[in-house]
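Heads up, the thing below is written out as structure tokens.
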Amino acid sequence: MGEEKKKMNNYSFPLLLLLLLLVSLHSIPNATAAETPLLKTYIIRVEKAPASILDLHQWYQSFLPTSTESFNGHRMIYSYKHTIAGFAARLTEKEVSLISSKPGFISAHPDRIISIQTTHTPSFLGLIRNNSNSAGWVDLGGGEGVVIGVLDTGIFPDHPSFSGEGMPPPPKKWKGRCDFNASQCNNKLIGARAFLNGSAASRDVMDVSEGPFDEEGHGTHTASTAAGAMVEGAQVFGNAKGVATGMAPRAHLAIYKVCKDDDCYSSDILAGMESAVADGVDVLSISLGGSSVPFFQDEIAIAALHAVQKGIFVSCAAGNDGPTPSTVSNEAPWILTVAASNTDRSIVANVKLGNNLVFSGQTVYQPPNFTAAQRPLIYAGFCTNRSLAGLDAKGKVVVCDRGGGLSRISKGKSVKAAGGAAMILVNEKDDAYSIIADAHVLPASAVSFQAGLKIKAYLSSSQTPTASIIFQGTVFGSSPAPAIAFFSSRGPSMASPGILKPDITGPGVDILAAWPVSVGPSTSKPFNIISGTSMSTPHLSGIAALIKSTHPDWSPAAIKSAMMTTAGIRDRSERPIVDERLLPADHFALGAGHVNPLRAVNPGLVYDTDVEDYTPYLCGLNYTNAQLTIMTGKKDIDCSKIKSISEVELNYPSVLVWLGRDEEKKVTVWRTVKNVGEAKVDFFVHVDEPEGVEVVVAPSRLSFNVVGEEKKFALTFRRRANGGEVAEGRIKWVSSRYEVSSPITVVFKE
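As numbered in mature numbering (1 follows the signal peptide of the UniProt record, and there is no 0), residues -33 to -1, 1 to 717 make up the sequence shown, in order.
Given below as structure tokens:
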């Protein structure tokens, strides 16, 4: 006992010192934070390097304070050249302040997060004729010779959709590289790189060795939609069977991984676009989008402007925040902004109640051993673990509401974990009749909000409610189709209210395309069915490649015009295209209409826009000279010396005007069209006047003698009656062969 006490005394002084040290550290909880300044990634824009400085990196490095060399290794994560003059670096606020005082500095702002947002669609769009796999592409070239750059979550290179069999070699202008093994790169997949420094820096990880392999699936899906090779036997859970193919099956793919775990940092996106421009892509497909910001703060808009200046077509997602107004992303007029609509294919799972009422629904997972027997029916709200707690769900059909912060798939997982036999997933009110088919983990049926009301009324009125789910597999000819999806973001644009956005819509609901892993039983040809403007965007990117292949000398603006002016405004039943409420879709949902690739490749006339016209347009948005420098990279821009133009004066393929209360006041808008059809042709004007508005077009006839000839015309608007807030119409130039149609949107100012 005495020996033990002696040993304790020998250790008591060091233990006391240790305790005092621990107490002192505990009493200063922010000691480490005070010693290590908080680092954030900033995108720094500077003037172009003086002619005397040949090393661009050295010029950028000269802006960094000496403090950046003291800790955390290399702080500059990107240097940019082809899209902006500037760099991205990990900096403290104090360091940014020091940089801003240096000559040549323009601006600095923090990195921001931007989110990621087809067996049947080629046939639905008319690209497959007479049940042939390729006949519809014969006249369009299949996109041959065109390189589509896809900015997304990477790619699964071993998927058969990316086989190089039968593909020609890349065009001679191609300068990119493929960072996969030589066996995974081929004449289809000619480029693949990863740009994740911004994402890594946000996690304080500076050693980025991750390649362009897709761990999410989103990038594989979008790439195969744009330009995947033909793959027979595509299906998901035995549904949507057929030959999967991209819109431009002969086009090459270049992949730029800029997203990880659904987050895409603007510094990484900028680096990916920078590389794509330098590599020599022809089309950029970007299924990403964030909230609306002024163009001089929008990295995608800025980089896209520089890409367009080099003749690269840029297609971007409108966003998935509909049906709320003014949620549209990627609003710049030099970008094609793509909305989403459905096709006439449904994967049907009807709900039959115990009172014999039947409601149409959809789901991808339809197990053959699930019987259509009536089962007890219960309601569990949002079907969270909490809302299911205390409910006896075992062997029952559980009604779940969408929303509540839980994904659609997660609701099914919760129901399955609680012992539920099946799930009925009810739309939220804003979703209305627009239904998405998902690959659920249990038998399920997604139904409309209106059906959900009747199902819940039955639940409340019956003492022993029951329901069954009746699977009917893949059904073609569903109506209405196309129809705008509820999630598709809507205009008007916040960044530029005088430009109609979105521009156009394309297939974006229940789209089957390549996937990295099997969904359901293991297969060497994994596919998945998902929805979003992320899915409609690569459809339009691929169609742009078809047009570019046929007309290699056309500008990005001409290609955009060709798609917009030939787009359809009626569904397969020749009725007006509707929205999620089954009401006629307005221009802020539909844009110019639904894409028609066979007409777009030969539009007759195009509204071309010189890239130099974007500078007076930006001046017309009242941007400062410094903000114009950020956009264009030119430091000598002075808007006071430039004849600025309003948004409506831009030679755009749609027309949006603002009219005041004064019925005598007229607004005149000029447009220029270029003949790209045939020589010796006359076009006559047809106007569908917006309600309460008089529209006079002069001249009413345009006569062209040669291809390439341009003609101007004026549209004069006058308010002649009080109406609602917005009125819509169209202007059409019609010849014996062509109909060139543009939407007219009139916003009334009080």
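Even glycine gets a Cβ: it sits at the ideal position worked out from N, Cα and C.
- Under the three-state reduction of DSSP, Ala384 is assigned to helix.
- Taking the CA atoms as reference points, Ser29 sits about 60 Å from Glu631.
- Spanning the alpha carbons of Pro261 and Leu585 requires a straight line of approximately 11 Å.
- The count of Cβ pairs closer than 8 Å, one atom from the segment 542 to 557 and one from the segment 505 to 522, stays below three, leaving the stretches out of contact.
- A Cβ-Cβ distance of about 16 Å is found for the pair Phe443 and Ala211, leaving them out of contact under the 8 Å criterion.
- Looking at the DSSP output, Tyr47 shares a beta bridge with Gly53.
- Close CB contacts of Thr120 within its chain, under the 6 Å cut and outside five residues either way in sequence, are with Asp181, Glu183, His185, Gly186 and Cys226 (chain order).
- By the neighbour-count criterion, in which a residue is buried when 16 or more other Cβ atoms sit within 10 angstroms of its Cβ, Glu579 is exposed.
- Of the other Cβ atoms in all chains shown, fewer than 16 fall within 10 Å of the Cβ of Asn589; this residue is therefore exposed.
- Distance between Ser709 and Lys468, taken at the CA atoms: about 13 Å.
- The DSSP-derived three-state label of Ile711 is strand.
- Judged by pairs of C-beta atoms under 8 Å, the segment 134 to 145 does not touch the segment 268 to 276, as fewer than three such pairs exist.
- By the Cβ test, the segment 430 to 439 is in contact with the segment 322 to 339, since at least three Cβ pairs between them sit closer than 8 Å.
- Pro138 sits away from Val117, with the two beta carbons spaced by 9 Å or more.
- If the five residues before and after Phe671 are omitted, its C-beta is found closer than 6 Å to the C-beta atoms of Asn642 and Val648, all from its own chain and listed in chain order.
- By the criterion of at least three beta-carbon pairs nearer than 8 Å, the segment 444 to 460 is not in contact with the segment 406 to 421.
- Selection Lys601, Gly247, Gly644 and Ser313 evaluated against Arg704 yields Gly644 as nearest (Cα-Cα).
- Thr500 is positioned such that its CB atom lies no closer than 9 Å to that of Val250.
- Note on geometry: alpha-carbon atoms of Gly158 and Leu58 lie some 32 Å from one another.
- One alpha carbon belongs to Asn297, the other to Ala552, and they sit about 20 Å apart.
- For the pair Ile236 and Ala193, the CB atoms are not nearer than the 9 Å cut-off.
- For Trp700, there is no enclosing alpha helix (DSSP H); the residue is part of the beta strand (DSSP E) that begins and ends at Val693 to Val701.
- By the criterion of a C-beta distance shorter than 8 Å, Gly348 is surrounded in its chain by Ser354, Cys367, Asp368 and Gly371, once the five residues flanking it on both sides are discounted.
- When Lys15, Lys7 and Tyr9 are compared, the shortest CA-CA separation from Lys601 is found for Lys15.
- It is roughly 12 Å from the alpha-carbon of Glu695 to the alpha-carbon of Trp625.
- Here Gly247 is buried: its Cβ has 16 or more other Cβ atoms, across all protein chains shown, within 10 Å.
- Closest by C-alpha distance to Trp301, out of Ser282, Ile597 and Ile44, is Ser282.
- Contact check for Ile471 against Leu507 passes: the beta carbons are separated by less than 9 Å.
- For Cys231, the enclosing beta strand (DSSP E) has its first and last residue at Asp230 to Tyr232.
- In this structure, Arg79 places its C-beta atom within 9 Å of the C-beta atom of Gly257.
- Classified as buried, Lys383 has 16 or more neighbouring CB atoms from the shown chains inside 10 Å of its CB.
- Scanning its chain for C-beta atoms nearer than 6 Å, with the 5 sequence neighbours on each side dropped, one finds around Pro620 the residues Ser528, Met531, Thr532, Tyr574 and Ser709, in chain order.
- In this structure, the straight-line span from the alpha carbon of Gly509 to that of Thr330 is close to 28 Å.
- In this chain, Cys283 is not harboured by any alpha helix (DSSP H); it is covered by the beta strand (DSSP E) spanning Phe280 to Ala284.
- For Asn592, the secondary structure class from DSSP, reduced to helix, strand or coil, is helix.
- Residue state for Pro449 is assigned as coil, using DSSP reduced to three classes.
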